[in-house]
Amino acid sequence: MAAQVFAFIVHKDGVADDSALELISAARNIFPDASPTAILTGAGAGLDAVCQEVAASYKQVWKVGAAALIYPNAELVRPLLLKLLPKGAVLLLPHNTFGMDLGPGLAVKMGATCIPDVVGIDGLAGATLKVVRQEFNGQASTHLACDVSNGAVISVRSGSFRPDESRSAGGQVVDKSGEAVGLSARRRFVEVVQAEVGDVDITKADVLVSVGRGFGDKENIPVAEELAQTMGAVVSCSRPIVDAKWLEKSRQVGTSGKTVKPKVYLALGISGSFQHMGGLKGNPFIVAVNKNPKAPIFQVANVGVVADVLEFVPELTEKIREAK
Amino acid sequence: MEILVCVKRVPDSAENEIEVKADGSDIKRDDLVYSVNEWDNYAVEEAIQIVDRVGGSVTVASIGNEEAEEVVRREMAMGAHQGLLLVDPAFEGSDGKGIAAILKAAVLKGQYDLVLTGAQADDGAAQVGGMLAALLDWPYASLVNKIEVQDGHTLKIGREIEGGNQEINEIEMPCVLSIQTGINEPRYVGIRGIRKVASVEIPVMNAGRLGIDPAAVGQAGAGVKRVDYFVPPAGAGAEILQGSTAEIAAKLLDLLKAKGGLK
Ligand SMILES: Cc1cc2nc3c(=O)[nH]c(=O)nc-3n(C[C@H](O)[C@H](O)[C@H](O)COP(=O)(O)OP(=O)(O)OC[C@H]3O[C@@H](n4cnc5c(N)ncnc54)[C@H](O)[C@@H]3O)c2cc1C
Ligand SMILES: Nc1ncnc2c1ncn2[C@@H]1O[C@H](COP(=O)(O)O)[C@@H](O)[C@H]1O
């Protein structure tokens with residue numbers, strides 16, 4: 115099967131998202147000699163700059179500039195892509211908050227197959243694409259057989275494909291802005307409200323003691339706070355802890371929280387979902403404490419302790435106190 | 002305002018250690034604890050709060066087998082006014098598009114101003130809400146963490162984007178929104194609440210009553226089919242510390258010292 119392959123490039127402040135280079139590798143896992151066309155929407159000089167940047171990696175870059183596209187509103191981008199994409203196209207995009215907004219509806223409108231949150235691609239046989247996805251926060255993986263005879267919209271999980279950093283495409287930017295006329299949507303972008311700043315800045319901490327749902331109850335949070343105090347560390351957490359209002363949002367590590375770069379990270383009662391790990395950068399020394407020996411966090415941690423956090427953490431706090 | 006909330010019964014990934022069967026055909030389901038998908042519970046709470054403010058009613062719908070009734074009843078005990086079960090052997094093996102097609106048929110049987118889904122299911126991939134909106138040709142917003150009713154026609158909504166920032170939009174009704182966790186604090190449901198709704202009749206609709214061609218949904222209509230479940234080959238992974246709790250704590254103390262984890 116031959117199909118035209120496209121990559122939707124998400125960008126901000128004139129810089130392409132990391133996914134731009136990962137989507138090239140993902141495309142080559144489907145069609146080994148694929149030369150995907152990059153599509154960028156936006157407005158102004160920032161768009162031109164990022165198109166030039168992307169042209170180093172993609173042979174063809176389609177630029178669609180229009181005032182209405184200055185903020186990426188999926189409800190406007192979707193009808194635009196429906197005009198631009200040829201029948202049977204395969205479109206790759208990142209599985210981030212924009213990809214989730216755009217992709218499923220676009221697939222339906224294209225009459226193509228929707229293949230979300232892909233972490234691996236096994237290859238194409240005829241018109242059947244075999245991909246890998248995870249379920250239950252990474253506790254189980256699954257192979258999916260997808261019919262791509264009428265095209266596909268594939269959203270790719272960040273970090274799953276090696277970025278192609280060769281930058282040797284010497285590509286061309288084609289201006290398709292003429293297609294962006296008469297765009298309208300029943301959803302209007304108003305503004306972005308920045309996340310609140312809290313009393314502590316976890317992004318500056320060298321050592322983080324991070325609390326997960328395994329703590330079970332708000333009353334147990336002091337167990338972690340005592341450990342952190344004894345270690346001279348700062349308390350951070352996973353998302354469910356913030357949702358339950360046990361700790362402030364500014365303490366959350368992850369894609370919808372803070373990106374942290376500690377030297378040492380203690381993940382206590384945290385399963386290790388990709389959205390959580392996505393906020394942990396700079397290759398820290400990771401210690402995981404979890405009662406489930408198969409928890410995905412043990413795949414990424416350096417050292418693991420299989421134990422109940424409420425039993426083990428006080429013991430560790432005590433040991434550290436004695437050693438002081 | 003008439004609101005439909007789509008809820009799914011799932012093995013609760015916080016309560017269970019999920020294991021794959023030896024032959025890869027499924028996960029081991031015998032001892033699993035099931036519950037309502039976490040995101041869907043926030044969606045139901047939000048719907049109830051909206052109706053408390055502006056009036057109307059909340060209907061909770063689920064596609065599944067007979068056991069889906071348990072989660073629909075639980076959400077009715079929270080305060081949803083009606084339940085709706087979408088059950089047919091022909092629905093089994095549906096992909097995201099199939100689920101969205103069944104939900105579309107259910108939506109069109111009512112007079113809804115607003116349809117809520119969860120942002121994603123524990124065993125899903127964050128696709129059904131967007132597909133349902135496209136099939137209905139209604140506007141859509143994903144990862145919604147704030148809803149304000151402005152007038153009879155528009156909502157002011159917040160979408161949670163990267164870094165926890167919030168993207169504010171205005172959206173016309175009828176529309177579909179997928180709800181992100183943390184938008185509210187779902188109320189607790191006690192045994193008494195469940196008892197109160199134990200005998201309320203919940204209508205059941207099959208493919209025929211919904212006017213769905215059985216060949217278009219289920220395994221037959223699926224463009225995406227699950228081949229197997231598997232456990233990826235373990236990488237190097239963590240060094241698991243062994244010994245008594247005291248011994249492990251002592252080893253960890255040394256490691257933390259060495260790595261600069263103590264001040
Ligand atoms: C768009 C989007 C954005 C998201 N952004 C983020 C984000 O920024 N940050 C984030 O963290 N999540 C985020 N999430 C949520 C994410 O998908 C997971 O749901 C979340 O990270 C799980 O948190 P957890 O590991 O604490 O809980 P769980 O996954 O429930 O894991 C709890 C762990 O604790 C263990 N455990 C239970 N009891 C004990 C005990 N007594 N002792 C020891 N271990 C125990 C269990 O074995 C389990 O592994 C996001 C989700 C979406 C859809
Ligand atoms: N079987 C189902 N019955 C009712 N709603 C569902 C079902 N499956 C998925 N949904 C809805 O779609 C949302 C997203 O699911 P998914 O796209 O599978 O991750 C869920 O949070 C539910 O609101």
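Chains as they are written, first to last, in the numbering used here: chain A, 115 to 438; chain B, 2 to 264.
Beta carbons are placed, not taken as given, at the ideal position from N, Cα and C, and that holds for glycine.
Every value quoted in this text rests on a predicted model; they were computed, and no experiment measured them.
- Counting only the Cα atoms, residue 352 of chain A lies some 7 Å from residue 327 of chain A.
- Taking 8 Å as the upper bound on Cβ-Cβ separation, chain A lies near residues 224, 225, 226, 227, 228, 229, 230, 231, 232, 233, 235 and 236 of the stretch 215-236 of chain B.
- Short of 6 Å from the beta carbon of residue 178 of chain B, and not among the five residues preceding or following it, lie these beta carbons of its own chain, in chain order: 117, 142 and 145.
- By the neighbour-count definition (other C-beta atoms within 10 Å, threshold 16), residue 390 of chain A is a buried residue.
- Nearest to residue 86 of chain B by C-alpha distance, out of B/100, B/20 and B/64, is B/64.
- Here residue 301 of chain A carries a strand assignment [DSSP, helix/strand/coil].
- The shortest C-alpha to C-alpha distance from residue 22 of chain B to any of B/229, B/137 and B/174 is the one to B/229.
- The stretch 211-219 of chain A and the stretch 187-197 of chain B do not touch, with fewer than 3 CB-CB distances between them shorter than 8 Å.
- Between residue 203 of chain B and the set B/75, B/180 and B/31, the nearest pair of CA atoms involves B/75.
- Taking a Cβ-Cβ cut-off of 9 Å, the neighbours of residue 238 of chain B in chain A comprise 412, 413, 414, 415 and 418, given in sequence order.
- A direct Cα-to-Cα measurement between residue 306 of chain A and residue 223 of chain A gives close to 28 Å.
- Between residue 356 of chain A and chain B, the shortest Cβ-Cβ separation is below 8 Å.
- Residues of the same chain with a CB within less than 7 Å of the CB of residue 341 of chain A, apart from the 5 flanking positions on each side, are 323, 427, 430 and 431 in chain order.
- Taking the Cα positions, residue 238 of chain A is about 9 Å away from residue 262 of chain A.
- About 7 Å separates the CB atoms of residue 123 of chain A and residue 153 of chain A; that is less than 8 Å, so the two are in contact.
- Taking the C-beta atoms as reference points, residue 138 of chain A is found no nearer than 8 Å to residue 315 of chain A.
- Excluding its 5 nearest sequence neighbours in each direction, residue 117 of chain A has C-beta neighbours in its own chain below 6 Å: 202 and 204, listed in chain order.
- When B/62, B/96, B/119 and B/120 are compared, the shortest CA-CA separation from residue 106 of chain B is found for B/62.
- Look at residue 336 of chain A: its C-beta is not under 8 Å from any C-beta on chain B.
- Listed along the chain, the chain A residues whose CB falls inside 8 Å of the CB of residue 144 of chain B are 211, 214 and 215.
- Under the DSSP assignment, residue 195 of chain B falls in the alpha helix (DSSP H) whose first and last residues are 192-197.
- Assignment of residue 435 of chain A by DSSP, reduced to helix, strand and coil, places it in the helix class.
- For chain B, the residues of the stretch 256-274 of chain A that bring a beta carbon within less than 7 Å of one of its beta carbons are 256, 257, 258, 259, 260 and 261, in chain order.
- With fewer than three CB-CB distances shorter than 8 Å, the stretch 49-62 of chain B does not count as touching the stretch 159-176 of chain B.
- Within the stretch 338-379 of chain A, the runs of alpha helix (DSSP H) that reach at least 4 residues and sit entirely inside it are, in chain order, 353-357.
- Residue 249 of chain B and residue 243 of chain B have their C-alpha atoms spaced approximately 6 Å apart.
- Ranked by Cα distance from residue 186 of chain A, the options A/299, A/272 and A/271 are led by A/299.
- In the three-state reduction of the DSSP assignment, residue 264 of chain A falls in the coil class, being assigned neither a helical nor a strand state.
- Under the 10 Å beta carbon count, residue 209 of chain B is surrounded by fewer than 16 other beta carbons and is classified as exposed.
- In the DSSP assignment, residue 153 of chain B falls outside any beta strand (DSSP E), carrying neither H nor E.
- Under the Cβ distance rule, residue 318 of chain A does not count among the residues neighbouring chain B, no pair being separated by less than 8 Å.
- When secondary structure is reduced to three states using DSSP, residue 246 of chain B falls in the helix class.
- Secondary structure of residue 399 of chain A (DSSP, three-state): strand.
- Closer than 7 Å to some heavy atom of ligand 2: that describes the Cβ of residue 7 of chain B.
- The alpha-carbon of residue 229 of chain A is positioned some 35 Å away from that of residue 80 of chain B.
- At a threshold of 7 Å, residue 128 of chain B counts as near ligand 2, since its beta carbon sits closer than that to one of the ligand's heavy atoms.
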